[in-house]
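When you line the sequence shown up against our numbering, it's residues 992 to 1073, in that order.
Heads up, the thing below is written out as structure tokens.
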Amino acid sequence: MLQQAKSDNELVRWGRMYRARNGNSSGAHNMAVSAIAKRLILSIWHMLSKKEPYNTEKYDYAVKENQAQQEIKKLLNIPETL
992 MLQQAKSDNE
1002 LVRWGRMYRA
1012 RNGNSSGAHN
1022 MAVSAIAKRL
1032 ILSIWHMLSK
1042 KEPYNTEKYD
1052 YAVKENQAQQ
1062 EIKKLLNIPE
1072 TL
């Protein structure tokens, strides 16, 4: 499933990262497929229960990590005032 994905979307990238983190074996592949299925089910449930369209920015962890790093840099550059 992960090898046959034609587009390189967020779920595919996340699944490949998940599989690599767990050893790239067939067991890791099965775990990644299950994790992707869980993410899809939760996303669909949230869309149906809140009646909102899918928002990719909400689940884009790379963007959130970048924002967190930028905020930390801002905090570290604040001069101490007493």
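Glycine is no exception: its CB is placed at the ideal position from the N, C-alpha and C atoms.
Predicted model only: the values in this text are computed from it and were never measured.
Name the two residues that bound the continuous alpha helix (DSSP H) containing residue i.
{"i": "Gly1018", "result": "1017-1041"}
{"i": "Tyr1009", "result": "1001-1012"}
With burial defined as no fewer than 16 other Cβ atoms inside 10 Å of the residue's Cβ, what is the status of residue i: buried or exposed?
{"i": "Glu1001", "result": "exposed"}
{"i": "Ala1023", "result": "buried"}
Taking the Cβ atom as the reference point for each residue, do residue i and residue j lie within a distance shorter than 8 Å?
{"i": "Gly1014", "j": "Ile1027", "result": "no"}
{"i": "His1020", "j": "Arg1010", "result": "yes"}
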